[in-house]
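A.B. asks: Residue numbers (UniProt numbering): 1 to 307.
#1: Note down, in chain order, each residue of its chain lying with its Cβ closer than 8 Å to the Cβ of residue 248, except the 5 sequence neighbours on either side.
#2: Out of curiosity, what's the CA-to-CA distance linking residue 3 and residue 43?
#3: Quick one: what does DSSP say residue 199 is sitting in, helix, strand or coil?
#4: If residue 223 and residue 141 are in contact, beta carbons under 8 Å, what's the gap, nearest whole angstrom?
#5: In this structure, how does DSSP classify residue 228 when only helix, strand and coil are distinguished?
#6: Of all Cβ atoms in chain D, is any one closer than 8 Å to the Cβ of residue 263?
#7: Go ahead and pull the three-state DSSP assignment for residue 146.
#8: Check for me: the beta strand (DSSP E) holding residue 165 runs from which residue to which?
#9: Take the Cβ of residue 279 as the centre, count every other Cβ of all protein chains shown within 10 Å, and call the residue buried at 16 or more, exposed below.
#10: In the DSSP assignment, find the alpha helix (DSSP H) that holds residue 70 and state where it starts and stops.
#11: For residue 208, which residues of its own chain have a beta-carbon under 8 Å away from its beta-carbon, when the five flanking residues on both sides are left out?
#12: Going by the beta-carbon positions, is the gap between residue 158 and residue 187 smaller than 8 Å?
#13: Between the Cα of residue 83 and the Cα atoms of 272, 135 and 245, which residue gives the shortest distance?
#14: Where do the ends of the beta strand (DSSP E) carrying residue 180 lie?
#15: Keeping to the same chain, check which residues put their C-beta closer than 6 Å to that of residue 170; ignore five residues upstream and five downstream.
#16: Counting only the same chain and skipping the five closest in sequence on each side, list residues whose C-beta sits under 7 Å from that of residue 98.
#17: Per DSSP, what are the beta-bridge partners of residue 219 in this structure?
#18: Here's a check: name, in chain order, each residue in its chain whose Cβ is nearer than 8 Å to the Cβ of residue 246, leaving out the five neighbours to either side.
#19: Tell me which same chain residues have a C-beta within less than 8 Å of the C-beta of residue 308, skipping the five on either side of it?
#20: Check for me: the alpha helix (DSSP H) holding residue 107 runs from which residue to which?
#21: Could you tell me the distance, in whole angstroms, from the CA atom of residue 58 to the CA atom of residue 106?
#22: Could you tell me which of 260, 295 and 267 sits nearest to residue 287, measuring between CA atoms?
#23: If you follow the alpha helix (DSSP H) that residue 266 is in, where does it begin and where does it stop?
#24: Can you round the beta-carbon distance between residue 167 and residue 152 to whole angstroms, since I take them to be within the 8 Å contact cut?
#25: Where do the N-terminal and C-terminal ends of the alpha helix (DSSP H) with residue 137 fall, by residue?
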């Protein structure tokens, strides 16, 4: 049996607010990370978005979450109190919340086969150094963000829902927008800048469509090497970028409608948790999950093929 899945792009506004009765079916949407997944490997997109296969947490990824949490909480403090010392004091409570997840705690207590778990003390120290590096790049006492970890979303005229979370959104007195994203790695080489800016252009497009203002600056702060990448998009560029996203979404629709998600082998495969299920590594993907697709907001139409 082949499950043919058609996108439910004609559905309404997605989930209802609490108190409005039964929730409407969740609606398919596109985020920067999921768009990047599909561009990198359509099969990875399927595993993450439709199959929702579990993936192991890594110490590096959890450290990124910790640093983001500290920088978000830093701006809860009055401007004059946003010091390096105050930021250091925020690391411990942020870590206490993260370690409540047994999978996170296990990163530092359970050893992988043939490997020792990372030292929690040195790991926390490395997170603290990344937080300290932030103060060399910006003066938080002079910044008053409009939003932190802010959800931004818009429905395009063809029905595609774009949504994502912005690390920080600054709005100047004259209405100028600055979109800021924190990265715990190092700034990419010039040849890879466009890939790094994909996420930021996504946010700029959503903000332009919702506010009618083109962001004056997109800023990626790289705490790994204490550098920053800034970019000023133009309206015409965002129009072209929107067409790019629509093309990606059309390709996703075709893949979902046929159940045909091709693997794309790259160097990034070395870090993929799903090699055992990937044809590129001799594996076999599980049958296309029609029920999971329906739960994710895609309308399903099973078709039985007979000889």
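Backbone N, C-alpha and C define an ideal beta-carbon position, used for all residues, glycine too.
C.D. replies: This is what the structure gives:
#1: Locating residue 248 in the chain shown gives position 248, where the first residue counts as 1. Contacts found: 30, 35, 38 and 39.
#2: Here residue 3 corresponds to residue number 3 of the chain shown, with the count starting at 1. Here residue 43 corresponds to residue number 43 of the chain shown, with the count starting at 1. Low confidence applies here, because residue 3 scores a pLDDT of 37, under 50, leaving its location unreliable and the question unanswered by this model.
#3: The residue labelled residue 199 in the question sits at position 199 within the chain shown. In this structure, residue 199 counts as helix in the three-state DSSP scheme.
#4: In the chain shown, the residue the question calls residue 223 occupies position 223. In the chain shown, the residue the question calls residue 141 occupies position 141. The pair is not a contact, with the Cβ atoms about 18 Å apart (cut-off 8 Å).
#5: In the chain shown, residue 228 corresponds to position 228, counting from 1. Per DSSP, reduced to three states, the secondary structure at residue 228 is strand.
#6: In the displayed structure, chain D is absent; only one protein chain is listed.
#7: Counted from its first residue, the chain shown places residue 146 at position 146. Of the three classes helix, strand and coil, the one that applies to residue 146 here is coil, per DSSP.
#8: Working through the chain shown from its first residue, we reach residue 165 at position 165. Segment 161 to 171, the beta strand (DSSP E) holding residue 165.
#9: On the chain shown, residue 279 is found 279 positions in, with the first residue counted as 1. Under this definition residue 279 is an exposed residue.
#10: What you label residue 70 is simply residue 70 of the chain shown in a count that begins at 1. According to the DSSP assignment, residue 70 belongs to the alpha helix (DSSP H) that extends over 59 to 74.
#11: By one-based count along the chain shown, residue 208 stands at place 208. Excluding sequence neighbours, residue 208 sits near 214, 215, 235 and 238.
#12: Your numbering for residue 158 matches position 158 in the chain shown. Your numbering for residue 187 matches position 187 in the chain shown. It is not a contact, given that the beta carbons lie outside the stated cut-off.
#13: Residue numbering aside, residue 83 sits at position 83 when the chain shown is read from its first letter. Closest option to residue 83, Cα to Cα, is 135.
#14: As a position in the chain shown, residue 180 is number 180, starting the count at 1. Counting along the chain, the beta strand (DSSP E) containing residue 180 begins and ends at 177 to 183.
#15: By one-based count along the chain shown, residue 170 stands at place 170. Only 145 and 178 meet the Cβ criterion.
#16: Here residue 98 refers to the residue found at position 98 of the chain shown. Same-chain partners within the cutoff: 62, 65, 66 and 104.
#17: Walking along the chain shown from the start, residue 219 turns up at place 219. Looking at the DSSP assignment, residue 219 forms a beta bridge with 180 and 230.
#18: Position 246 of the chain shown, counted from the first residue, corresponds to residue 246. For residue 246, where only same-chain residues beyond five positions count, the Cβ hits under 8 Å are 156, 158 and 160.
#19: Nothing can be reported for residue 308, as the shown portion of the chain is limited to 1 through 307.
#20: The residue labelled residue 107 in the question sits at position 107 within the chain shown. Per DSSP, residue 107 belongs to no alpha helix (DSSP H) and is neither H nor E.
#21: The residue given as residue 58 occupies position 58 in the chain shown. The residue given as residue 106 occupies position 106 in the chain shown. Their backbone Cα atoms lie some 10 Å apart in a straight line.
#22: Position 287 of the chain shown, counted from the start, is the residue given in the question as residue 287. It is 260 whose Cα lies nearest to the Cα of residue 287.
#23: For the purposes of this step, residue 266 is taken as residue 266 along the chain shown, with counting starting at 1. Element bounds for residue 266: n/a, residue is neither H nor E.
#24: Here the question's residue 167 lines up with position 167 in the chain shown. Here the question's residue 152 lines up with position 152 in the chain shown. 11 Å between Cβ atoms; not a contact.
#25: Within the chain shown, the letter at position 137 stands for residue 137. Counting along the chain, the alpha helix (DSSP H) containing residue 137 begins and ends at 120 to 137.
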